[in-house]
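One line per chain: the protein sequences are A and B, in this order. Under the numbering used here, the final residue of the first sequence carries the number 343; numbering is consecutive throughout. Under the numbering used here, the final residue of the second sequence carries the number 599; numbering is consecutive throughout. By construction, the Cβ of each residue, glycine as well, lies at the ideal position given by its N, Cα and C atoms. Single-structure report; data block below.
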Amino acid sequence: MMMNQDADKILEVKNLQTHFFTDEGTSKAVNGISFSLNKGETLGIVGESGSGKSITSLSLLRLIPSPPGKIAGGSILFKGEDLLTKSEKQMRSIRGNEISMIFQEPMTSLNPVYSAGEQIAEAIRLHQKLGKKEAWDKAVDMLRLVGIPSPEKRAKQEPHELSGGMRQRVMIAMALACHPEVLIADEPTTALDVTIQAQILELIKTLQKDFGTAVILITHDLGVVYETCDRVAVMYAGKIVEYTLAKEIFTNPKHPYTIGLLNSLPRLDMDQVELTTIPGTVPSPYNMPKGCSFAPRCAHAKSICEQAVPDLQAIGPSTEVSCWMFTPQWEKAYEAQEKVGI
Amino acid sequence: MFVFIIRRVLQTIPVLLGVSLVVFLIMQMVPGDPATLLAGEGATKETIESLRHELGLDRPILYQYVDYVLHAVQGDFGESLRSSRPVLDEIMVRLPITLELALASIFITVVLGMIAGIISATKQYSAADISIMIVALLGISLPSFWLGLMLIYFFSVNLHLFPVSGWGTFSHMILPAITLGAGGAAIVARMTRSSMLEVVRQDYIRTARAKGLKEYIIIYKHGLKNALIPVITVVGLQFGALLGGTVLTESVFAINGLGRLIVDAIRTRDLPMVQGGVLIASVIFVFMNLAVDVLYRYFNKRIDLN
Chain A
2 MMMNQDADKI LEVKNLQTHF FTDEGTSKAV NGISFSLNKG ETLGIVGESG
52 SGKSITSLSL LRLIPSPPGK IAGGSILFKG EDLLTKSEKQ MRSIRGNEIS
102 MIFQEPMTSL NPVYSAGEQI AEAIRLHQKL GKKEAWDKAV DMLRLVGIPS
152 PEKRAKQEPH ELSGGMRQRV MIAMALACHP EVLIADEPTT ALDVTIQAQI
202 LELIKTLQKD FGTAVILITH DLGVVYETCD RVAVMYAGKI VEYTLAKEIF
252 TNPKHPYTIG LLNSLPRLDM DQVELTTIPG TVPSPYNMPK GCSFAPRCAH
302 AKSICEQAVP DLQAIGPSTE VSCWMFTPQW EKAYEAQEKV GI
Chain B
294 MFVFIIRRVL QTIPVLLGVS LVVFLIMQMV PGDPATLLAG EGATKETIES
344 LRHELGLDRP ILYQYVDYVL HAVQGDFGES LRSSRPVLDE IMVRLPITLE
394 LALASIFITV VLGMIAGIIS ATKQYSAADI SIMIVALLGI SLPSFWLGLM
444 LIYFFSVNLH LFPVSGWGTF SHMILPAITL GAGGAAIVAR MTRSSMLEVV
494 RQDYIRTARA KGLKEYIIIY KHGLKNALIP VITVVGLQFG ALLGGTVLTE
544 SVFAINGLGR LIVDAIRTRD LPMVQGGVLI ASVIFVFMNL AVDVLYRYFN
594 KRIDLN
């Protein structure tokens with residue numbers, strides 16, 4: 002098990018809370034999440050739209066647009082130091098250098114008026130203090146590394162001259178140019194078509210091995226988690242509801258939401274007319290239920306679920322779940338003695 | 294790019310022909326006969342007739358027009374009816390003054406407008422932003438002739454900082470340039486602000502932040518170049534308004550520029566002078582538009598000029 006080995010821990014997030022203060026009220030987009038990342042491993046963060054995955058990733062680099070957003074509490078320990086106490090200048094030397102990020106939209110994430118090479122070289126010049134020529138050469142090398150044919154020519158081209166897959170490769174080259182210790186990939190393949198998706202994931206995996214980078218992969222695609230991740234955190238309405246090994250989640254899911262997600266995947270080995278769905282919708286961030294945020298949609302919900310929020314607690318050597326079903330209180334609340342169906 | 298410029302230059306030919314035709318026809322339609330005006334009061338009918346024949350005004354309109362165009366392409370815009378000097382010579386004396394005024398105003402429009410817009414956008418809803426936007430609103434709303442008179446009143450008459458009128462030195466230039474450039478600067482400031490605000494919300498700005506770049510590099514390198522694309526369009530359009538504005542400004546500050554020359558020529562029905570002046574102004578306008586297109590391409594390579 003990779004968990005709980007402090008020496009290997011490169012990033013540790015404790016009780017992170019990111020809130021948005023708007024006219025409609027306070028949205029607790031990230032509401033007290035904790036997870037850790039070991040050197041060289043891949044952590045998947047899954048969840049549907051609005052679950053707080055992207056806000057989590059932006060919070061790690063302190064890139065939350067403020068106002069209206071604000072990191073309201075918690076800590077982000079990177080190599081033992083809390084990023085939330087660092088100055089903006091110190092953060093700048095970490096961004097793109099020690100912790101990099103790839104975004105969901107390769108189409109709009111590159112600046113349309115600068116060449117691909119320039120955008121990569123810029124990061125290299127900034128963090129590695131190289132000259133213009135050396136930085137450019139290194140940018141071309143990076144393009145070659147991410148599998149772009151004739152990189153010398155491509156480096157001079159602007160984003161509109163490149164395809165979506167190529168742009169995402171440029172983003173990866175840019176993110177990895179300074180050999181970061183942590184790479185945050187926020188849905189890196191969502192905007193790409195399926196064949197390119199596989200190539201990009203493969204590329205991230207290969208480069209991760211070569212550079213020894215730890216990766217946080219944000220996705221809503223469970224297939225991607227299975228293919229790429231060591232561990233996975235399932236997010237729902239700003240909280241982590243299940244935190245476990247990636248393989249475990251497919252063979253032995255615990256939280257009713259995780260089970261619902263897995264059941265809603267189309268399966269090749271079964272004749273399905275209609276896909277299973279999770280009834281109801283995600284609660285509004287401005288109007289969260291008092292208890293467990295999944296309770297209104299949960300088939301197992303009891304009165305205790307509506308009254309208090311369950312903590313994320315270990316129920317095995319490598320699994321943590323936030324659900325009343327796995328607590329001693331559940332048995333008491335469960336008077337009907339009906340067998341728990343999972 | 295070269296092919297594009299050549300093609301655009303060729304495209305100006307029909308535009309200029311059209312302009313010359315319209316001006317020619319309008320001058321035909323306005324009441325008042327140049328020959329009568331030229332002959333002066335009390336001239337006999339015969340004198341006027343012979344003058345009209347001498348000027349070629351008794352020939353069919355189409356013939357007059359074709360004749361005019363054929364001469365114009367050789368740089369011969371005819372002679373001024375008033376001074377009897379070649380139109381082109383008169384224009385060439387006045388043109389540099391107007392161009393100086395126009396360039397000084399454009400400088401104010403672009404530099405002042407952009408700086409104000411960037412400050413406004415980067416400090417949205419701050420006191421600076423609100424003040425700039427109020428001044429910009431005034432700049433757009435105040436008519437230039439009124440602004441010019443007020444500037445003269447405060448800075449020239451009361452404070453004696455700048456000359457009241459005329460042209461020649463740098464200090465002559467300041468008040469007219471502000472008068473003429475203020476409206477444009479206000480528009481450019483508002484445009485830069487909104488464009489900049491839009492750009493800083495784009496994904497690539499977030500990418501630039503994630504790279505660890507300093508805020509001013511994000512704004513001036515990654516933001517500004519993108520934000521300038523719509524601003525250039527506005528500046529290009531402003532230049533047209535500016536050329537028109539020179540007429541008023543030159544009158545207020547008693548500057549002997551092209552604008553005033555054209556106005557005087559219209560008043561005295563100095564047909565060749567009006568045509569020549571308007572045509573030269575059109576040429577300048579057309580080439581400014583071409584310059585804007587080329588700049589556009591420089592700032593945004595996604596635009597395919599061909």
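Out of E249/A, M102/A, E228/A, the CA that lies nearest to the CA of T57/A is found in M102/A. Distances from the CA of S458/B to each of A547/B, D422/B, I299/B, L452/B were compared; the closest alpha carbon is that of A547/B. Nearest neighbour of I77/A by Cα position, chosen from E13/A, R170/A, G97/A, A300/A, turns out to be E13/A. For a Cβ distance threshold of 7 Å, residue set G505, K507 of chain B lies close to R93/A, ordered along the chain.
Contact residues of the region 155–169 of chain A toward chain B are E159, H161 (C-beta to C-beta distance below 8 Å).
Under the rule that a run must span 3 or more residues, the beta strand (DSSP E) segments found entirely inside the region 149–187 of chain A read 183–187.
Its chain contains V242, E243, V322, C324 as the residues whose beta carbon lies nearer than 6 Å to that of H256/A, once the 5 sequence neighbours on both sides are disregarded; these appear in chain order.
In this structure, DSSP gives Q209/A a helical state, which the three-state scheme calls helix.
Non-local C-beta neighbours of F22/A in its own chain, meaning closer than 6 Å and more than five positions away in sequence, comprise P69, ordered along the chain. Between the region 297–307 of chain A and the region 43–60 of chain A there are fewer than three inter-stretch CB-CB distances shorter than 8 Å, so the stretches are not counted as touching. Distance from the CA of L38/A to the CA of C293/A, rounded to the nearest whole angstrom, comes to 26 Å. Following the DSSP letters along the chain, one finds H221/A in no beta strand (DSSP E), marked with neither H nor E. Between G461/B and L394/B, the alpha-carbon positions lie close to 11 Å from each other.
Counting only residues of its own chain and dropping the five nearest sequence neighbours on each side, H515/B has a CB closer than 7 Å to the CB of Y497, I498, A501. For F592/B, the C-beta contacts it makes with chain A under 8 Å involve V114, in order along the chain. Residues of chain B with a Cβ closer than 8 Å to the Cβ of L111/A are, in chain order, Y497, T500. Per DSSP, T19/A lies in no alpha helix (DSSP H); the unbroken beta strand (DSSP E) holding it starts and ends at 10–23. Of all residues in the region 271–304 of chain A, none places a beta-carbon less than 7 Å from a beta-carbon of chain B. Residue range 26–39 is occupied by the beta strand (DSSP E) that includes F36/A.
With a threshold of 16 other beta carbon atoms within 10 Å, I573/B meets it and is buried. Excluding the 5 residues flanking it on each side, E372/B has same chain C-beta neighbours closer than 7 Å at R378, P379, V380, P565, in chain order. Taking all protein chains in view, the Cβ of E508/B is surrounded by fewer than 16 other Cβ atoms within 10 Å, so the residue is classified as exposed. Residue Q18/A holds the alpha-carbon nearest to the alpha-carbon of G75/A among P107/A, N98/A, P297/A, Q18/A. Chain-ordered, the chain A residues with CB closer than 7 Å to the CB of K518/B read V114. Three or more Cβ pairs closer than 8 Å define a contact, and the region 200–209 of chain A falls short of that threshold against the region 129–142 of chain A.
L431/B has its alpha-carbon roughly 27 Å from the corresponding atom of I512/B. In summary, no residue of the region 340–366 of chain B has a CB separated from any CB of chain A by less than 9 Å.
For R232/A, the uninterrupted beta strand (DSSP E) segment begins and ends at 232–237. Inclusion of K15/A and G239/A in the CB contact set at 9 Å is not warranted, their separation being larger than that value.
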